[in-house]
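Novice: Top to bottom, those sequences are chains X and S. First residue of the first sequence: 122, per our numbering; consecutive thereafter. First residue of the second sequence: 122, per our numbering; consecutive thereafter. C-beta: ideal position from N, C-alpha, C; glycine also.
There are 2 protein chains.
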Amino acid sequence: MRSIKRALISVSDKSNLERFARFLEDRGVKIISTGGTREFLSQRNITSTDITKVTSRPESFGGRVKTLDFTILSGLLFDREKDINEAEALEIEPIDLLVCNFYPFTQVKKSQADLDKLIENIDIGGVTLVRAAAKNFRGVAVVTDVHNYDALTRELIENNMSLSLETRYKLMVKAFNTVANYDADIATTMTEMSCKSSLRLSYSEYKTLRYGENPHQNATVYRDNNAQAGSFLLDQNQLSGKDLSFNNVLDLVSALDVVLPLERQACSIIKHNIPCGLAEGDNKSNLLALAWAGDPVSSFGSVIAFNCLVDKKDLVFLEFDNSDKTKRKFIEVIAALEFTEEALSYLKIQTNLRILSISQKFIDIYSKGRELRFIPGGVLSQDVNNKTYEKLECVTKTSYLDLGKKNKLVSFGIEAIKQIRSNAIALVRECRDGSYQLLGQGSGQPNRLNSVKLASEIAQKNLIDQGEDPNLSDVLLVSEAFFPFVDNIEYCAASGIKTIIQPGGSIKDKDIISACDKHGIAMYFTGIRHFKH
Amino acid sequence: MRSIKRALISVSDKSNLERFARFLEDRGVKIISTGGTREFLSQRNITSTDITKVTSRPESFGGRVKTLDFTILSGLLFDREKDINEAEALEIEPIDLLVCNFYPFTQVKKSQADLDKLIENIDIGGVTLVRAAAKNFRGVAVVTDVHNYDALTRELIENNMSLSLETRYKLMVKAFNTVANYDADIATTMTEMSCKSSLRLSYSEYKTLRYGENPHQNATVYRDNNAQAGSFLLDQNQLSGKDLSFNNVLDLVSALDVVLPLERQACSIIKHNIPCGLAEGDNKSNLLALAWAGDPVSSFGSVIAFNCLVDKKDLVFLEFDNSDKTKRKFIEVIAALEFTEEALSYLKIQTNLRILSISQKFIDIYSKGRELRFIPGGVLSQDVNNKTYEKLECVTKTSYLDLGKKNKLVSFGIEAIKQIRSNAIALVRECRDGSYQLLGQGSGQPNRLNSVKLASEIAQKNLIDQGEDPNLSDVLLVSEAFFPFVDNIEYCAASGIKTIIQPGGSIKDKDIISACDKHGIAMYFTGIRHFKH
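Written as structure tokens, this is what we have:
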């Protein structure tokens, strides 16, 4: 590429421009500029030629037409090899550098502007300049990002005022992506103003993973180009350990899904994308042991998340420094809001363990918005499930629940159930120290009775393992959907369960309530179902 | 809007153009056209003015610059109210109609063109014209779709050669969407040529659903704008019944996932997104009963899919016409490649039942490509899991399996396991008539032993219910991943299971094999894991 001798600057966002423009002027680059840009430059004593001098046309129609001109666009577009004679004959001078960004359509849209305001903020000239320059990147450098000026300045200094083909290619790629994002936003907005919604999603490759769910599946992670800063899970700070695998990422999402909505300090344990341990309470150093006790078999090789700062004493249950290596608990991933230095040193004993700190920013914007699932040829989009219960209505003669006090235990149980796949049953209890514990769960079963059995069996086993009486009378059974048949209640009665929380709404509700009454079980309807399929 | 008096036509794709252009000419519309378009029109005796007469400039630089001109773009862009005097002073005549489509970048890309060829097929002029006309849709009609000419002709005739604001708005929305798709393709292609992948996905609203996974979640289905014709699940032909719900769609996807890869005629039953019934065989009229017997409790309220034509005799098991209504099986959705008239009449007895015929086209392109899952701020992308097994290696002293003959039963078992969530166990068998049947499955458990127990218990129960000996010695146990502990094998032995299929690869493999040998169990390694999380 010939060195840069002539530049066109036409920008809406003037950030960082002064220094770059001054550098160009100092190096003898002839600058052409448009209306507002020219004013900005001349106020700073940077000389530029008014574009109307080049086009021999006025800026017309309230600025709608200023750069849309044969001379300007030919200067950007003509092929620097093939078309050189034709350009000379037509007295077209090449433009070597274009610095351009667009009317702020996206920002204006966010300010709830009306259609006319939006339309005036659809940039025609700027987009045309950028697309023309990008197409001709072999002869033109196109700069669309106000954060690139300094790096380009350095390269221009080093390379005697020219830019490598590689740099121009990168600038071209960025330019076309910028235009595509801009037009995607316009297309989506205009579509939605006609009362039809549309989705345009844009992602950049973040990294290639070793493999997907299984070793024979290739996998890649992409970052959402429009995601708010800090909202991308893989931008969280990994403090130690191996790279996250595909399945680690899925498990980590579930671990955070279950632990982040809880009010008190909490710890979740995920295995094969199933929440098999969960505890919440004020006595933080006890949470991991309580969560682990929810399924001591499955917790091996799990992914663990805390919604709070973690200290070494919160982790010693893992016995990472036990000289008997068989006592050390093996886990795959641990995430927390923060780790103390001491906690981190302790965790790093397991060099492979993936340790992540999750930023407050991430948590603040987590799980707002929509949940998307791909189906063949399309996408299902739904509101995130961010309710717990609507009411807590006792429908039986007996009522064991002190609603005033135990509301929060119900919420805890529902947060657990929300992340367990249907049919889902959670048995939760309040421990002596006021902590809440998931004592057993039944998940992923095609009928509800299976899940009730699975949850009850593991809860009883866990109580025995914890040296307690395997009595389920103080435990709440939370069901994510209604009971279709009385057999579930019969089983609960036989297991000694005394309190059931469920949405209600079955045509069999009357029979279900009678069965509870027969066995002295208290049952409460919440009005909110929590299927997770 | 004033009636259309002056039109600019500049098209790459000339389909359907002749009739439309002739109509415009007949109605006295002055047509301006560019190079190839003008040639096309004049060959058909349609008069048009060469654009160079309007711009007073030659078509330059091999066609790179022909429409990029002050006069033309002002004619499209000036505000028909505010700028009328300015336009007159500048001698700008309005252009009322733009007919334009772009260089075929996408098609050229598909033909494996090199970078130079691609770059020449990035349309600058056309995109600029369309964006300018779309911005000024209050004064200009912009036509970018060759399939819209006839409808517009009708409206022009009815409305005395003008188009309603509503039509111009719709044309504008389509124009911006067309540009956005075009630029998305360019941006993606240019990004990928620099060895970074990117994803740009674009969806249009297909319909709003009653609700999402739960009644308190709003939900919408979108169609992929770039999906091949026929590949969208909701474009399949619904022959009867209520609208598909969010959960119906998820279940239907799973039902098809499990049944479509099978070679012989097959039937799958999905409940809560779990394959709880599956049968494959030549005796089609027996398949539904065999599949149903895999979990007669859960099959109530299920979603059913066949991979073949379905006749009435294949369905009578449902007993829809039984005078004892309690015998009639209740199902939510049934899908098949085709239904005979008789089958359809029979199914329609249940007026709410959703009946879908799946096109051969859909099946042909089903499940090619990638599988995407949303995570906070990004997407995980992986190859579809379309392997079954790599080898079938007997690792034990005993070998019950006639590998030559039973290979297909192993494949059947693996296709089942692929769609069951981890930890997943399937018990499958060959029936006397040569059909294959899923006799029991264990799914969604955080440890493998649970799943082995669940699958074995239901298989034994099902055998008893089918009036058979509850002996599992002829059944294959298929595990989607290796066994971590010997307890699984001990449990299999106690249940009478004699044949185990699993990928292998545990550090405990040696112990696992010894345990099998101790109990006379035959075990085969496949080398391929099938986690589904």
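1) Going along chain S in order, which residues have a C-beta closer than 9 Å to the C-beta of I649/X?
2) Cβ of S154/S within 9 Å of Cβ of S131/S?
3) CB-CB under 8 Å to A537/S, same chain, minus the five flanking residues each way: which ones, in chain order?
4) Using three-state DSSP, classify F427/X as helix, strand or coil.
5) Consult DSSP for Y467/S and reduce its assignment to one of helix, strand or coil.
6) List, in order along the chain, the chain X residues whose C-beta lies closer than 7 Å to that of I240/S?
7) Which residues bound the alpha helix (DSSP H) around Q694/S?
8) Please confirm whether E551/X has its beta-carbon closer than 9 Å to some beta-carbon of chain S.
9) Let me see if you follow: with CB-CB separation under 9 Å, is F223/X close to chain S or not?
10) Name the chain S residues that come within less than 8 Å of C397/X, Cβ to Cβ?
11) Can you tell me where the alpha helix (DSSP H) holding G247/S begins and where it ends?
12) How long is the line joining the alpha carbons of V370/X and G415/S, rounded to whole angstroms?
13) Among the residues of its own chain, which have a CB less than 6 Å from the CB of G260/X, if the five just before and after it don't count?
14) Does any residue of chain X have a CB that is nearer than 9 Å to the CB of H268/S?
15) CB-CB under 8 Å to E106/S, same chain, minus the five flanking residues each way: which ones, in chain order?
16) Just the chain S side, please: which residues come within less than 7 Å of V342/X by C-beta, in chain order?
17) Do you know how far the Cα of Y467/X is from the Cα of G639/S?
18) So does T168/X have its beta carbon nearer than 8 Å to some heavy atom of the ligand HEM?
19) With 8 Å as the C-beta to C-beta threshold (strictly closer), list the residues of the stretch 532–543 of chain S near chain X in chain order.
20) Within its chain, find whatever has a CB closer than 7 Å to the CB of D595/X; leave out the 5 residues flanking it on each side and keep chain order.
21) So, using beta-carbon positions, are A456/S and I476/S closer together than 9 Å?
22) Helix, strand or coil for G534/X, going by three-state DSSP, please let me know.
23) Tell whether a beta-carbon distance below 9 Å holds between S283/X and I391/X.
24) Roughly how many angstroms separate the alpha carbons of G534/S and D504/S, rounded to a whole number?
25) Which residue marks the beginning of the beta strand (DSSP E) containing C388/X, and which one marks its end?
26) Would you check if the distance between the CB atom of F652/X and the CB atom of S627/X is smaller than 9 Å?
27) Need the endpoints of the alpha helix (DSSP H) that I649/S sits in, please.
28) What residues in its chain sit with their C-beta under 6 Å from that of T310/X, if we drop five residues either side in the sequence?
29) Please state the DSSP three-state secondary structure of E384/X.
30) Between which residues of its own chain and R127/S is the CB-CB distance below 6 Å, once the five residues before and five after are set aside?
31) Counting only Cβ pairs nearer than 7 Å, list the residues of chain S close to M293/X.
32) Spatial neighbours of I610/S within its chain, please: CB distance less than 8 Å, with the 5 preceding and 5 following residues excluded, ordered by chain position.
33) Taking DSSP as the reference, what is the three-state secondary structure of S325/X?
34) Using a Cβ cut-off of 9 Å (strictly closer), state whether I452/S contacts chain X.
35) By the 10 Å Cβ neighbour count, where 16 or more other Cβ atoms means buried, how is H393/X classified, buried or exposed?
36) For chain X, is any of its Cβ atoms less than 9 Å away from the one on L219/S?
Specialist: Quick answer:
1) N335, P336 and H337
2) yes
3) V379, P396, L399, A547, V549, L559, Q562 and V599
4) strand
5) helix
6) K256
7) Summary: the structure shown does not reach residue 694/S, with chain S confined to residues 122 through 654, and so no result is reported for it.
8) no
9) no
10) P567
11) G246 to K256
12) 33 Å
13) R201
14) no
15) Since the first and last residues shown for chain S are 122 and 654, residue 106/S lies out of range.
16) G499 and L501
17) Reading off the sequence, residue 639/S comes out as Lys, not Gly. Roughly 42 Å separates the two Cα atoms.
18) No copy of the ligand HEM appears in this structure; indeed no ligand is present at all.
19) R542 and S543
20) R550
21) yes
22) helix
23) no
24) 21 Å
25) A387 to K392
26) no
27) First-last for I649/S: undefined, no H or E at that position.
28) K230
29) coil
30) K151, I216 and D217
31) M311
32) F604, I621, I633, A636, C637, H640 and I642
33) strand
34) no
35) buried
36) no
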